[in-house]
Amino acid sequence: MSAAQVRNPPVRRLADWPAERLRGLADEYGTPLYVLDADRVRENYRRMADAFPEAEVYYAAKANTTRPVLRTLADEGAGVECASAGELTRVLDAGVPAERVHYTAVNPPARDLDVAARLADEHSGLTITAGAADTLDRLAERGYSGRVCLRVNPGVGAGHHEKVATGADAKFGVPYDRAVEVLDAAAEDFEVVGLHAHAGSGISGEDLSAHRELVSRMGDLAREVGERGLDIEFVDVGGGFGVPYRPDDDPLDLDAVAEATREALGEVEATLAVEPGRYLVADAGVVLTEVNTVKEVPKGVVVGVGAGMTTLARPAIYDAHHQIRSLASGAETRPEREVVVSGPVCESADTLGDHWLPDPERGDLLAIGNSGAYGYEMASQYNSRPRPASVVLEGGTASLARRRETIADVTAVEPEDEA
Ligand SMILES: *Cc1c(COP(=O)(O)O)cnc(C)c1O
């Protein structure tokens with residue numbers, strides 16, 4: 093390992109989190125609890141920025157919108173990619189300068205476009221990425237004539253699961269073969285500043301071929317567009333930088349990905365942009381939860397915990413694996429056994445999967461790894477269950493980023509009953 097890697101290791105494993113500290117947080121704030129280390133987010137950003145020194149890095153805010161995360165990245169000089177009017181509003185409120193904010197409109201509802209057009213008026217420099225020709229028409233109808241980027245469907249997909257392989261899904265972006273025509277038309281009404289594509293969430297060390305192909309197609313398109321006299325500022329090749337969800341998965345070799353990206357892009361008269369989401373936040377977060385029931389069943393043991401699909405939806409949606417570690421004092425001395433960890437929701441999809449754990453007991457505290465990305469963001473109030481609190485560590489100090497919801501929060505949006 094190089095000195096830089098010792099200071100800023102490419103992955104923080106679940107085992108690296110200090111058990112004593114996490115136990116203290118669970119005592120103080122209760123469980124389930126989202127814990128996020130903003131200093132680790134900073135490290136992840138710096139590693140990404142170092143690997144892509146010539147590129148602009150836009151954090152895909154949908155992975156985690158906790159305000160201290162947005163502030164930390166704003167402070168580092170990161171740009172931010174937003175998926176909705178809500179994210180756009182919150183990112184600007186957190187102090188990210190509009191020149192570093194992109195809004196990627198995917199089949200945008202009218203309400204989102206209204207807000208985006210208004211915010212772009214108030215904050216010049218904002219860029220709106222459109223993925224369909226009629227999204228551009230809808231922006232023009234709102235009097236928008238500012239910075240526009242075109243999302244292209246590169247026709248290649250990557251992804252650890254079919255539901256996150258967006259590169260070939262027709263929902264996303266203008267078909268590659270129609271991009272030039274749409275860009276030519278857009279240039280008459282807007283300031284066309286960029287090209288964008290995102291292949292999904294699966295850039296892994298094992299196979300960079302889909303990533304290379306996407307980038308190379310974007311390079312070709314940028315050159316073609318340049319030859320037609322359109323000056324673009326950037327070519328954004330999306331996110332999807334993988335993180336090791338399993339303890340024996342290797343961390344992504346970011347330098348190799350950066351090298352492959354540069355090589356595949358070739359010479360272009362535009363700045364490269366990347367949009368990491370999970371890479372910046374996943375290993376900066378854990379979910380703490382407690383064992384509520386331990387049930388022996390004919391096929392093994394079911395361990396019922398407080399966190400479930402309403403806390404961490406990825407296992408239910410994507411069959412994603414999130415490692416679990418017991419933080420119970422003295423757990424090291426217990427024999428390990430294979431158990432099924434299940435949440436409290438009345439759905440069979442509400443499982444956190446099979447895990448080897450020190451023989452679990454009621455009251456044990458567990459930590460669920462890599463929960464910094466798409467954890468709180470995908471949380472819901474299903475089963476009328478209030479969403480858990482979220483705590484952020486910064487410089488060793490813990491502070492509440494989102495308080496625990498109450499049942500009153502769940503019902504607050506209902507009108508009062510008429511007497
Ligand atoms: C979700 C998303 C990303 C980030 O994906 P990760 O897998 O979290 O890196 C980047 N760009 C766009 C357009 C996205 O929708």
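Heads up: the sequence shown begins at 93 in the working numbering, then just goes up one per residue.
From the three backbone atoms N, C-alpha and C, an ideal C-beta is built for every residue, glycine too.
From a predicted model like this one, the values you see are computed outputs, not experimental measurements.
Boundaries of the alpha helix (DSSP H) in which I409 is found, first to last residue: R406 to Y410
Alpha helix (DSSP H) segment containing G178, residue limits: A177 to D185
N-terminal and C-terminal residue of the alpha helix (DSSP H) that H45 is part of: Because the chain spans 93 through 511 in this model, residue 45 falls outside it and cannot be assessed.
Heavy atom of ligand 1 within 7 angstroms of E298 beta-carbon: no
Secondary structure of D108, DSSP reduced to three states: helix
CA-to-CA distance, L114 to I488, given in whole angstroms: A small correction: the amino acid at residue 488 is Gly; Ile does not occupy that position in the sequence shown. Spanning the two alpha carbons is a distance of roughly 12 angstroms.
Chain-order list of residues whose beta-carbon lies under 6 angstroms from that of A130 (same chain, five-residue window excluded): P160, T164, V484 and E486
Any non-hydrogen atom of ligand 1 within 7 angstroms of A155 CB: yes
Extent of the continuous beta strand (DSSP E) to which L419 belongs: Where L419 is concerned, there is no enclosing beta strand (DSSP E), given that its DSSP letter is neither H nor E.
E319 beta carbon near ligand 1 (any heavy atom closer than 7 angstroms): no
Near ligand 1: A405 beta-carbon under 7 angstroms from a heavy atom: no
Proximity to F333 [Cα-Cα], best of M140, H447 and W109: M140
DSSP three-state assignment for G64, whether helix, strand or coil: The first residue shown for the chain is 93 and the last is 511, placing residue 64 beyond what the model contains.
CA-to-CA distance, V437 to V389, given in whole angstroms: 19 angstroms
Per DSSP, the bridge partner or partners of F333: I295
Contact check, T181 vs V207, beta carbons under 8 angstroms: yes
C-alpha gap between V394 and D411, whole angstroms: 18 angstroms
Rounded straight-line distance, which links the Cα of P507 to that of P343: 50 angstroms
Reduced DSSP secondary structure (H/G/I, E/B, other) of H252: With a pLDDT of 49 at H252, under the threshold of 50, the modelled position of that residue is not reliable, and the figure given next carries that caveat. Coil.
Distance CB(T221)-CB(P200) smaller than 8 angstroms: no
Ligand 1 heavy atom lying under 7 angstroms from the CB of E148: no
Residue of A490, M310 and G422 minimising C-alpha distance to I357: One detail in the question is off: residue 357 reads as Leu in this sequence, not Ile. Ranking the options by Cα distance to L357, first place goes to M310.
Cβ contact check for the segment 105-124 and the segment 359-366: 3 or more pairs under 8 angstroms: no
Residue environment, E316, which counts as buried when at least 16 other CB atoms sit within 10 Å: exposed
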